[in-house]
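Participant:
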Amino acid sequence: MSENENLLWLRGITKIFSRGTIDETMALDNIELGFNAEDYIAIIGSNGAGKTTLLNVIAGVYPPEKGGKIIINGQDISGLSEYKRARYVGRVYQDPHTGTAAKMTIEENLAMALLRGQPRGLRAASNKQRRELFRSALAPLGLGLENRLNALVGTLSGGQRQALALVMATISRPAILLLDEHVATLDPKTAQIVLELTEMVVKREKMTTMMVTHNMELALRYGNRLIMMHEGRIVVNMNQEQKVNLSVNDLIVAFEQASGEEFDDDSILLRQH
Amino acid sequence: MKHKRSSKTLVGICLVLLLALALPLMNACQRGMEYKIGITQIVTHPALDSAREGFIKVLAGEGFVEGENVEYILRNAEGDMSIAASIAEYFVAEKVDLILSIATPTSQAVVGAVEGTDIPVVFNSVTEPQAAGLVASWDKPGGNVTGVSDMAPVEPQVELIMAISPNTKKLGVIYNAGEVNSVVQIQMLNDIAGKFGLTVVEATAASTADILAAAQSLVGRVDTIWVPADNTAVSAFESIVKVGEENGLPVFAADVATVERGAIGCYGLNYTVVGEESGKIAVRILRGEKPADIPVQMVPLDELYFNRGAAQRMGVTIPQALLDKATKIIE
Amino acid sequence: MDAIGHVLSFSVYEGLVFGFVAIGVYVTFRVLGFPDLTVDGSFTLGAAITAVLIVNGVNPFLATLAAPGLGLCAGLATSLLNTKLRIPALLAGILMMVALYSINLRVMGGANVSLLREVTVFGQVSELLGLKTGIALSIIITGVLAVTVFLLLNWFLRTEIGLALRATGDNEQMVRGLGADTDMTTILGVSISNGLVALAGAVVAQGQGFADIGMGIGMIVMGLASVIIGEALFRPKGVARLLLAVIGGTFVYRLMITIALRLGMAPGDLKLITALLVIIALAIPYLQKKARREWLPPAAKW
Chain R
1 MSENENLLWL
11 RGITKIFSRG
21 TIDETMALDN
31 IELGFNAEDY
41 IAIIGSNGAG
51 KTTLLNVIAG
61 VYPPEKGGKI
71 IINGQDISGL
81 SEYKRARYVG
91 RVYQDPHTGT
101 AAKMTIEENL
111 AMALLRGQPR
121 GLRAASNKQR
131 RELFRSALAP
141 LGLGLENRLN
151 ALVGTLSGGQ
161 RQALALVMAT
171 ISRPAILLLD
181 EHVATLDPKT
191 AQIVLELTEM
201 VVKREKMTTM
211 MVTHNMELAL
221 RYGNRLIMMH
231 EGRIVVNMNQ
241 EQKVNLSVND
251 LIVAFEQASG
261 EEFDDDSILL
271 RQH
Chain G
274 MKHKRSSKTL
284 VGICLVLLLA
294 LALPLMNACQ
304 RGMEYKIGIT
314 QIVTHPALDS
324 AREGFIKVLA
334 GEGFVEGENV
344 EYILRNAEGD
354 MSIAASIAEY
364 FVAEKVDLIL
374 SIATPTSQAV
384 VGAVEGTDIP
394 VVFNSVTEPQ
404 AAGLVASWDK
414 PGGNVTGVSD
424 MAPVEPQVEL
434 IMAISPNTKK
444 LGVIYNAGEV
454 NSVVQIQMLN
464 DIAGKFGLTV
474 VEATAASTAD
484 ILAAAQSLVG
494 RVDTIWVPAD
504 NTAVSAFESI
514 VKVGEENGLP
524 VFAADVATVE
534 RGAIGCYGLN
544 YTVVGEESGK
554 IAVRILRGEK
564 PADIPVQMVP
574 LDELYFNRGA
584 AQRMGVTIPQ
594 ALLDKATKII
604 E
Chain L
605 MDAIGHVLSF
615 SVYEGLVFGF
625 VAIGVYVTFR
635 VLGFPDLTVD
645 GSFTLGAAIT
655 AVLIVNGVNP
665 FLATLAAPGL
675 GLCAGLATSL
685 LNTKLRIPAL
695 LAGILMMVAL
705 YSINLRVMGG
715 ANVSLLREVT
725 VFGQVSELLG
735 LKTGIALSII
745 ITGVLAVTVF
755 LLLNWFLRTE
765 IGLALRATGD
775 NEQMVRGLGA
785 DTDMTTILGV
795 SISNGLVALA
805 GAVVAQGQGF
815 ADIGMGIGMI
825 VMGLASVIIG
835 EALFRPKGVA
845 RLLLAVIGGT
855 FVYRLMITIA
865 LRLGMAPGDL
875 KLITALLVII
885 ALAIPYLQKK
895 ARREWLPPAA
905 KW
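Residue numbers (the numbering used here), protein chains in the order written: chain R, 1 to 273; chain G, 274 to 604; chain L, 605 to 906.
(1) DSSP three-state label for L/G916, please.
(2) Taking Cβ to Cβ, would you say G/V271 is nearer than 8 Å to G/G340?
(3) Have a look at R/V253 and R/S247 and give me their C-alpha separation to the nearest angstrom.
(4) From L/I832 to L/G853, what distance separates their C-alpha atoms?
(5) Going along chain L in order, which residues have a C-beta closer than 9 Å to the C-beta of R/L115?
(6) Let me see if you follow: with CB-CB separation under 8 Å, is R/K103 close to chain L or not?
(7) Along chain G, in chain order, which residues have C-beta atoms closer than 7 Å to that of L/Q728?
(8) Alpha carbon to alpha carbon, how far is L/P902 from R/L179? Give it in angstroms, no decimals.
(9) Could you give the C-beta distance for L/G773 and L/L636, rounded to a whole number, given that I count them as a contact under 8 Å?
(10) Leaving out the 5 sequence neighbours to the left and right, which residues in its chain are closer than 7 Å to G/P501 when beta-carbon positions are compared?
(11) With DSSP collapsed to three states, give me the class of G/E351.
(12) Alpha carbon to alpha carbon, what distance is there between G/T600 and G/A324?
(13) With a Cβ-Cβ cutoff of 8 Å, do L/G697 and L/L641 count as a contact?
(14) In chain order, what are the residue ranges of uninterrupted beta strand (DSSP E) at least 3 long that sit wholly in the stretch 63-131 of chain R?
(15) From this set, R/V183, R/K203, R/I16 and R/V202, which residue's C-alpha is nearest R/V194's C-alpha?
(16) May I ask you to list the residues that DSSP assigns as paired with L/L694?
(17) At a Cβ cut of 9 Å, what residues of the stretch 795-823 of chain L count as close to chain G, listed as they run along the chain?
(18) I'd like to check one pair, G/V427 with G/L471: are the Cβ atoms closer than 8 Å?
(19) Between L/Y617 and the rest of its own chain, which residues show a CB-CB distance below 7 Å, the 5 nearest in sequence each way excluded?
(20) Apart from the five residues just before and just after L/V711, which ones in its own chain have a Cβ nearer than 8 Å to its Cβ?
(21) Under 8 Å between beta-carbons, which chain L residues line up against R/T98? List them in chain order, please.
(22) Is L/A903 close to chain R? Criterion is C-beta to C-beta, closer than 8 Å.
(23) Are the stretch 714-721 of chain L and the stretch 581-592 of chain G touching by the rule of at least three beta carbon pairs closer than 8 Å?
(24) Might you give, ordered along the chain, the residues of its own chain that have their beta carbon closer than 7 Å to the beta carbon of G/C302, omitting 5 neighbours on each side?
(25) Give the interface partners of G/Y392 over in chain L, defined as CB-CB distance under 8 Å, in chain order.
(26) Do L/F622 and L/V794 have their beta-carbon atoms positioned less than 8 Å apart in this structure?
(27) Distance, Cα to Cα, G/F469 vs G/Q403?
(28) Specify the secondary structure class of G/G311 as computed by DSSP and reduced to three states.
(29) I'd like the list of long-range same chain contacts for G/E326, defined as Cβ closer than 8 Å, with 5 residues on each side in sequence excluded.
(30) Would you list, in chain order, the members of the stretch 737-760 of chain L that have their beta-carbon closer than 9 Å to a beta-carbon of chain G?
(31) Taking all protein chains shown into account, do 16 or more other C-beta atoms lie within 10 angstroms of the C-beta of L/L676, making it buried, or fewer, making it exposed?
(32) Mind checking G/E432: buried by the 16 CB within 10 Å criterion, or exposed?
(33) Does the distance from the C-beta atom of R/G223 to that of R/A42 stay below 8 Å?
(34) Kindly identify the DSSP beta-bridge partner or partners of G/W499.
(35) According to DSSP, is G/V431 helix, strand or coil?
(36) Provide the residue span of the beta strand (DSSP E) that contains R/L226, from first to last.
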């Protein structure tokens with residue numbers, strides 16, 4: 001696959017924290033990864049594997065080490081700061097509070113999200129047309145949020161906020177959607193609802209998505225590609241055919257074979273329920 | 274929503290009740306008093322307090338006695354200028370017969386508030402009333418405002434310093450550059466310093482907490498310290514005395530009240546006298562004279578105070594000739 | 605009763621004019637979450653520049669316009685210190701406040717500039733409208749100004765930039781993730797706030813007849829108290845109501861001071877009495893809720 005065919009291409013991405021001190025860690029080790037438009041990639045790995053760091057580097061929270069490149073649609077965005085890169089990247093965080101502004105209304109949050117990556121001026125942030133747009137984006141969620149445009153986001157439940165965050169992340173059609181363990185803090189029932197909503201939004205908007213999760217079952221169920229990371233490296237990289245009939249145990253075996261280590265992360269195993 | 278409205282109403286009712294309470298309290302005091310005099314002060318401070326006491330004393334002596342035919346309304350802005358303006362408004366609303374305003378910002382606030390009324394204003398402890406806009410000129414104030422300035426000529430004070438510490442070549446001064454009257458005094462000092470062959474070294478402080486550091490900064494750079502009539506420096510005078518005594522630096526001041534607290538000596542600008550003079554002016558106005566015709570007064574420097582103990586601790590001797598002329602000697 | 609009328613009308617005037625300070629404090633502390641202490645300095649700066657210009661013959665309306673201009677610069681400096689040099693907000697504000705003390709002394713050429721013999725905006729409007737100077741005229745002038753400021757702010761905080769500004773204080777990370785430059789929104793908010801405060805200083809100086817180096821002292825405390833009282837008493841929702849509540853809070857705070865003055869206690873106890881009255885004003889809504897057994901949120905840190 002050449003650079004130009006891929007939607008997103010990561011080349012030689014390395015990230016080192018606390019360089020030169022006792023705590024120096026290599027969180028990402030020369031990652032090479034490419035995805036196509038409309039790929040839905042699930043990323044799993046134990047704590048410290050580097051999953052969130054990878055998302056942060058893509059989103060521009062911190063830069064990769066010298067030589068690393070991030071290319072989207074043929075454009076090298078490695079040098080752009082976080083807010084300049086926002087045009088290309090939509091993100092839903094683990095904590096529902098992080099992606100939304102609690103003291104503002106649903107309408108105002110969406111108005112802000114709509115302008116992701118665009119210059120903001122003195123026009124009124126919301127008008128009749130925009131409100132219609134928001135309603136049509138919220139209605140398919142089936143949560144009734146489209147009737148509560150003037151409600152303060154702080155009054156919504158965690159699941160509702162994540163659903164809103166999802167719409168906020170996609171309403172401006174960014175090139176990539178990053179989902180950072182976005183159902184990890186929700187109870188199983190709500191998590192299920194949000195995951196189904198995610199699936200629906202991703203399909204409807206034809207988004208290219210990276211989902212980071214702790215949950216192997218989810219990683220197997222959703223997405224057309226699966227990546228497993230360990231100590232900053234990609235140790236398992238499967239496409240649709242390869243993952244379609246796998247079970248969790250198969251995955252563990254695949255991990256042990258690829259990394260040469262015993263799979264000993266109980267947290268992943270325990271989260272299967 | 275019902276709850277919101279009822280809480281607002283309840284608060285509103287409480288406020289009105291408070292007001293209603295306040296008024297009878299006021300009324301009780303003023304029953305039957307012939308004269309209502311408002312006194313406003315910018316801050317609590319020994320000099321300003323003496324000025325107020327002097328005023329009240331003189332009025333009492335002339336037959337205007339508190340509780341008999343005079344009700345005083347005493348207010349202190351406690352350093353807050355917006356409150357000084359509120360106090361002035363309050364006096365106007367109370368339709369007082371005369372206002373005594375002590376210090377410059379209070380006087381400015383009062384004069385601003387009485388505009389359009391005919392309430393007479395007597396000020397004291399204002400160094401430059403014309404520059405402050407209180408009067409049209411010293412001789413003919415021309416409005417409803419007149420009073421007593423606390424401007425003290427600097428030259429006699431420098432003469433006193435040279436008489437007691439003749440080897441002084443560098444004179445240190447400590448003051449708050451934010452006080453107009455201090456700046457005026459330092460200006461006057463700089464004008465005559467050359468005549469005495471003196472170099473003036475300035476140390477400023479923006480608040481009482483900075484005075485000690487200002488005093489310390491003069492150690493080793495000056496032979497003698499002089500403190501003008503500066504509210505900030507005088508409030509923190511003990512710090513300056515401490516530095517003077519520890520380093521054998523003689524400390525002189527312009528405010529008589531400081532001699533008791535450790536200054537070696539001073540020509541008295543006695544704030545009680547300032548207050549008394551303003552009291553005399555007030556009496557004239559209450560008896561019918563127009564403020565426009567009463568020129569602004571300056572208080573003569575004719576008292577001499579010494580503190581022999583301080584002189585000894587700071588390593589100087591006061592010539593006997595001066596001691597003989599002294600109004601008061603403190604040990 | 606005449607006295608009640610006077611007390612209320614004077615408090616309305618003060619509520620309006622000091623209301624600008626409270627709104628400025630509201631924009632920084634509440635909307636932006638930026639604890640800006642520059643206020644004590646920028647208030648005096650506005651007063652200083654206006655007074656000096658008027659004394660030097662400049663038209664009072666123009667002189668008054670100069671005040672928010674300089675206030676904006678002061679706010680700009682504070683926010684640049686914070687966003688570009690990464691000096692913590694609290695410290696940046698304190699540094700500017702300290703610097704402004706010296707700057708204000710220089711602007712005034714001393715510690716005090718008298719306006720008692722000058723023509724101010726109050727004097728000019730009085731001539732224009734043929735009204736006597738007095739509390740009624742002052743309320744009209746400050747009222748017009750307040751309405752203008754209110755309308756402008758109400759509109760601005762609903763624009764695209766305004767929304768980004770409000771969100772910056774709510775969730776800065778999200779705003780950056782949405783592609784807005786939070787440095788710019790912070791600078792904008794802090795500058796506007798100090799412009800408003802300086803405008804208040806200019807009007808207060810003309811109203812009271814002088815500008816003095818000490819007149820800004822305590823403005824930040826007054827502003828904060830007004831904002832908090834406004835929020836507690838009026839429980840506003842939405843931008844427009846919040847702005848009104850802040851002005852209302854200022855009115856109540858100044859009313860408390862006026863009442864305290866009239867209660868006739870020892871002159872040095874004014875501050876204590878004011879504090880007590882403010883505590884009562886804040887406690888009443890809370891105690892009411894408690895009595896009705898309503899749900900009570902935990903104590904806010906500020």
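Here a beta-carbon is modelled for each residue, glycine too, at the ideal position from N, C-alpha and C. Predicted model only: the values in this text are computed from it and were never measured.
Facilitator: So, from the listed chains and residues:
(1) For chain L, the structure presents residues 605 to 906; residue 916 of chain L sits outside this window and is missing.
(2) No statement about residue 271 of chain G is possible, as the shown extent of chain G runs from 274 to 604 and does not include it.
(3) Between R/V253 and R/S247, the C-alpha separation is close to 10 Å.
(4) When rounded, the separation of the alpha-carbon atoms in L/I832 and L/G853 is 7 Å.
(5) Within chain L, E764, L767, A768, L782, G783 and A784 have C-beta atoms less than 9 Å from the C-beta of R/L115, given in sequence order.
(6) Closer than 8 Å: yes.
(7) Near L/Q728 there are no residues of chain G at all, since even the closest Cβ is about 15 Å away, more than 7 Å.
(8) R/L179 and L/P902: Cα-Cα distance of roughly 33 Å.
(9) Distance from L/G773 to L/L636 at the Cβ level is roughly 4 Å; contact confirmed, criterion being Cβ atoms closer than 8 Å.
(10) The answer, listed in chain order, is V446, Y448, S455, Q458, I459 and A527.
(11) If DSSP states are grouped into helix, strand and coil, G/E351 belongs with coil.
(12) Each residue's Cα considered, the two are about 19 Å apart.
(13) Remark: C-beta atoms of L/G697 and L/L641 approach each other more closely than 8 Å.
(14) Complete beta strand (DSSP E) runs here, min 3: 69-72 and 89-92.
(15) With distances taken between Cα atoms, R/V194 lies closest to R/V183.
(16) L/L694 pairs with nothing; no bridge assigned.
(17) Listed in sequence order: V808, G811, Q812, G813, F814, D816, I817, G818, M819, G820, I821, G822 and M823.
(18) No, the pair does not count as a contact, with Cβ atoms beyond the cut-off.
(19) If we look at L/Y617 and ignore the five residues flanking it on each side, its Cβ neighbours are I739, S742, I743 and T746.
(20) Taken in chain order, the residues that qualify are L649, A652, I653 and V656.
(21) Contact note: R/T98 reaches chain L through N775, Q777 and M778, using a C-beta cutoff of 8 Å and chain order.
(22) No - not a single Cβ of chain R is within 8 Å of the one on L/A903.
(23) Too few Cβ pairs lie closer than 8 Å, so no.
(24) Here the model assigns G/C302 a pLDDT of 49, short of 50, so the residue's position is not dependable, and the following value carries that caveat. Contacts found: E344.
(25) It should be pointed out that residue 392 of chain G corresponds to Ile in this sequence rather than to Tyr. None at all; the shortest Cβ gap to chain L is about 14 Å.
(26) Going by C-beta atoms, L/V794 is not nearer than 8 Å to L/F622.
(27) When rounded, the distance between both Cα atoms is 30 Å.
(28) G/G311 falls in the strand class under three-state DSSP.
(29) The beta carbon of G/E326 is closer than 8 Å to those of T545 and G548 in its chain, skipping five residues each way along the sequence.
(30) Along the stretch 737-760 of chain L, the positions whose C-beta sits under 9 Å from a C-beta of chain G are T737, G738 and I739, read in chain order.
(31) Burial call: buried.
(32) Looking at its Cβ environment, which holds fewer than 16 other Cβ atoms inside 10 Å, G/E432 is exposed.
(33) Yes.
(34) G/V446 and G/F525.
(35) It is helical.
(36) Run containing R/L226: R225 to H230, per the beta strand (DSSP E) assignment.
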